[in-house]
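In this note's numbering, the protein residues as written are 59 to 579. A virtual CB, placed ideally from N, CA and C, is assigned to each residue, including glycine. This structure is a prediction, so every number in the text was calculated from the model and none was measured.
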């Protein structure tokens, strides 16, 4: 068989496995809460890999290695910011959000948590939050479909539209059928595939080199300059060739974690708040080693493609070095499985986003206007219908993409980080927060992100920086000058804080801790 046939077989094996997990999850899901949040029974290992896989898209396997290969370690700031942000998110947000989301009316979505946490009777907070989720995630899902189409086009030489539709259809199928459990467990498989691939490829490449130590002498080995070999003595310099604004903006990607609905929803699904400690260990280990693998893909690639006289497909941004190295070193079948790691990164992110958008449409918009609560079966089917509807709209946008993949992702990441990030932190740690401040800050974050991102200022500083800090300031000021929360809301805050503190001790049963917190309150 030729190479392409082996690649297709590998892809079929992978897609069939995803569909099988979706069918298994369907058998485990008979309640609406199970479909949306997995019945709050997610193991910390599953939550950690699911959050990581849905976060780290194709950028980790293609964008980061390519940027490091081309420009050097000045491109590492974004990865460093994301690693720090991920740790802080698991440390400060995960345990409290798990406890508080249950105390606050057993909230199963981020907008419903905001509403229940602040006692907003107007429903405005919930509706605006849902609208922000639907707006930004529609573009986010569309970027995933664009990635899928381009992946199919470059890896198999197929048609962009055909590839986009195949990948979108499988992703929609297992999300549609299995809901949250399907998304979470497919993310685990996808996260492990990404992890193993990012470790194996650079290790095998380094073994294949005549002198592995040459990976630390990039300046003498880079044959891709305009005049042949170029010297780059600043390759390992973290600040060479970049402005302070670029460094701050790249590192500030870490701020986005606090407001990403498809990531923090995993915290709400944990079995108990103390699981966040294990989840942090699993998640940070996975992320650190994956980023390290991506770094060594770039370093080994600088020598590998010179020594072996192999060519890199992408001669502009060099984002295909991971794929090219895998194709050179492995038999077509395992090489095809490695290639699916990129597909896994795309699909894991897209499925998580589809589920969050559909849940907001039903739980945060439809349910608040419905005259009576539909049955569990009807709610699940409505969520499934919403998944298909969002996927269709995103696919239409992806047919003729008008922006780069990274541009779409960066826009949505900043939007969520600025609109929801400050609000999540203040909701969990500041008793004085009220609904008026939350609404003002959330709108400020979203508007500033869009306005800044569309202006020339975006070339100077990433829009999440002004968006996040202006939203934080507005939320605090408006909360201070308006009426303080009711005694009931403040009492609920104390109860949730005590519960999170007690349950953070791993030897304390969560249910028992809840009873203790209520007695103390």
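Worksheet item: Roughly how many angstroms separate the alpha carbons of residue 351 and residue 181, rounded to a whole number?
Response: Counted from its first residue, the chain shown places residue 351 at position 293. Counted from its first residue, the chain shown places residue 181 at position 123. Distance between the alpha carbons of residue 351 and residue 181 is about 46 Å.
Worksheet entry | Among 205, 316, 291, the one whose alpha carbon lies nearest that of residue 120 | By 1-based counting over the chain shown, the position of residue 120 is 62. For residue 120, the nearest C-alpha among the options comes from 205.
Practice prompt. Please indicate yes or no: does the CB of residue 166 lie closer than 7 Å to some heavy atom of the ligand HEM?
Written response: Looking for the ligand HEM in the displayed structure turns up nothing, as the structure carries no ligands at all.
Item to complete: Rank 531, 156, 340 by C-alpha distance to the C-alpha of residue 557 and give the top, closest one.
Response: Stepping through the chain shown from its first residue, residue 557 is reached at position 499. Of the listed residues, the one whose Cα sits closest to residue 557 is 156.
Worksheet item: Does the Cβ of residue 133 have 16 or more other Cβ atoms within 10 Å, making it buried, or fewer, making it exposed?
Response: For the purposes of this step, residue 133 is taken as residue 75 along the chain shown, with counting starting at 1. When all chains shown are included, residue 133 counts as buried.
Discussion item. For residue 511, report the span of its alpha helix (DSSP H) as first-last.
Written reply: Counting from one through the chain shown, the residue named residue 511 turns up at place 453. 493-511 is the span of the alpha helix (DSSP H), which, as asked, contains residue 511.
Discussion item. Taking 7 Å as the limit between beta carbons, can you name the residues of its chain near residue 525, skipping five residues before and five after?
Written reply: Numbered from 1 along the chain shown, position 467 holds the residue referred to as residue 525. Within the same chain, residue 525 has close Cβ partners 472, 476, 503, 506, 507, 510.
Discussion item. I need the DSSP call for residue 122, collapsed to helix, strand or coil.
Written reply: Translated into positions along the chain shown, residue 122 becomes position 64. Three-state DSSP puts residue 122 in a helix.
Discussion item. Pull the bridge partners of residue 328 from the DSSP assignment, please.
Written reply: Working through the chain shown from its first residue, we reach residue 328 at position 270. In DSSP, residue 328 forms a bridge with 100.
Worksheet item: Does DSSP classify residue 489 as helix, strand or coil?
Response: Within the chain shown, the letter at position 431 stands for residue 489. Coil at residue 489, not helix or strand.
Item to complete: Could you work out which residue in 396, 136, 141 is closest to residue 342 when comparing CA atoms only?
Response: For the purposes of this step, residue 342 is taken as residue 284 along the chain shown, with counting starting at 1. The option with the nearest alpha carbon to residue 342 is 141.
Worksheet entry | Span separating the alpha-carbon of residue 64 from that of residue 70 | Start at 1 with the first residue of the chain shown, and residue 64 comes out as number 6. Start at 1 with the first residue of the chain shown, and residue 70 comes out as number 12. Residue 64 and residue 70: Cα-Cα distance of roughly 10 Å.
Item to complete: Report the residue from 417, 316, 481 whose alpha carbon sits nearest the alpha carbon of residue 145.
Response: Walking along the chain shown from the start, residue 145 turns up at place 87. Nearest of 417, 316, 481 to residue 145, Cα basis: 316.
Fill in: residue 435, enclosing alpha helix (DSSP H) - first and last residue
Your numbering for residue 435 matches position 377 in the chain shown. Taken as a continuous stretch (DSSP letters only), the alpha helix (DSSP H) holding residue 435 covers 434-457.
Worksheet item: Leaving out the 5 sequence neighbours to the left and right, which residues in its chain are closer than 8 Å to residue 297 when beta-carbon positions are compared?
Response: Counting from one through the chain shown, the residue named residue 297 turns up at place 239. The answer, listed in chain order, is 132, 305.
Worksheet entry | Residue range of the unbroken alpha helix (DSSP H) whose run includes residue 173 | Residue mapping note: residue 173 aligns to position 115 of the chain shown, counting from 1. It spans 168-176 - the alpha helix (DSSP H) in which residue 173 sits, taken as one unbroken run.
Worksheet entry | Euclidean distance between Cα positions of residue 287 and residue 97 | The count along the chain shown starts at 1 and reaches residue 287 at position 229. The count along the chain shown starts at 1 and reaches residue 97 at position 39. The pLDDT assigned to residue 287 is 43, lower than 50, so where the model puts this residue is not dependable; a value taken from the coordinates is nonetheless given after this. Roughly 58 Å separates the two Cα atoms.
Discussion item. Please report the straight-line C-alpha distance between residue 535 and residue 492, rounded to a whole angstrom.
Written reply: In the chain shown, the residue the question calls residue 535 occupies position 477. In the chain shown, the residue the question calls residue 492 occupies position 434. Cα to Cα, residue 535 sits roughly 11 Å from residue 492.
Item to complete: Tell me the start and end of each unbroken alpha helix (DSSP H) in the region 350-397 that is at least 4 residues and wholly inside, in chain order.
Response: 379-387
Fill in: Straight-line gap, residue 664 to residue 264 (C-alpha atoms, nearest Å)
An answer regarding residue 664 cannot be provided, because it is not within the stretch 59 to 579 covered by the chain.
Discussion item. Short of 7 Å in beta carbon distance, which residues of its chain neighbour residue 479, apart from the five on each side in sequence? Order them along the chain.
Written reply: Position 421 of the chain shown, counted from the first residue, corresponds to residue 479. Taken in chain order, the residues that qualify are 313, 314, 316, 317, 526.
Discussion item. To the nearest angstrom, how far is the alpha carbon of residue 272 from that of residue 373?
Written reply: For the purposes of this step, residue 272 is taken as the residue at position 214 of the chain shown. For the purposes of this step, residue 373 is taken as the residue at position 315 of the chain shown. Straight-line Cα distance between these residues: approximately 22 Å.
Item to complete: Could you pull out every residue in the same chain whose Cβ sits closer than 8 Å to the Cβ of residue 199, ignoring the five residues on either side in sequence?
Response: By one-based count along the chain shown, residue 199 stands at place 141. The residues are 408, 411, 412, 415, 448, 449, 452.
Worksheet item: Who are the Cβ neighbours of residue 168 in its own chain at under 6 Å, not counting the five residues just before and after it?
Response: For this step, residue 168 is matched to residue 110 along the chain shown. Within the same chain, residue 168 has close Cβ partners 319.
Fill in: Buried versus exposed, by CB contacts within 10 Å (16 or more), residue 550
On the chain shown, position 492 is the one that residue 550 refers to. By the neighbour-count rule (16 or more Cβ atoms within 10 Å), residue 550 is buried.
Item to complete: Determine the closest residue to residue 321 out of 148, 127, 555, 175, with distance taken between C-alpha atoms.
Response: As a first step, residue 321 is located in the chain shown; it is residue number 263 there, counting from the start. The shortest Cα separation from residue 321 among 148, 127, 555, 175 belongs to 148.
Discussion item. Please classify residue 78 as buried or exposed, where buried requires at least 16 other C-beta atoms within 10 Å of its C-beta.
Written reply: Position 20 of the chain shown holds residue 78. Exposed.
Practice prompt. Would you check if the distance between the CB atom of residue 73 and the CB atom of residue 403 is smaller than 8 Å?
Written response: On the chain shown, residue 73 is found 15 positions in, with the first residue counted as 1. On the chain shown, residue 403 is found 345 positions in, with the first residue counted as 1. Cβ atoms of residue 73 and residue 403: not closer than 8 Å.
Fill in: At least three beta-carbon pairs within less than 8 Å, the region 93-113 to the region 230-240
yes
Fill in: For residue 468 and residue 517, the rounded distance between their alpha carbons
Reading the chain shown from its first residue, position 459 is the one you call residue 517. Reading the chain shown from its first residue, position 410 is the one you call residue 468. Taking the straight line from one Cα to the other gives about 13 Å.
Item to complete: Could you spell out the range, first to last residue, of the alpha helix (DSSP H) harbouring residue 6?
Response: This structure cannot speak to residue 6, because the chain is shown only from 59 to 579.
Item to complete: Select from 311, 220, 244 the residue whose C-alpha is nearest the C-alpha of residue 135.
Response: Your numbering for residue 135 matches position 77 in the chain shown. When each option's Cα is compared against that of residue 135, the closest is 311.
Fill in: Expected contact under 8 Å - CB spacing of residue 68 and residue 395 to nearest Å
Residue numbering aside, residue 68 sits at position 10 when the chain shown is read from its first letter. Residue numbering aside, residue 395 sits at position 337 when the chain shown is read from its first letter. Contact holds; Cβ gap of about 5 Å.
Practice prompt. Go ahead and pull the three-state DSSP assignment for residue 467.
Written response: Translated into positions along the chain shown, residue 467 becomes position 409. It is helical.
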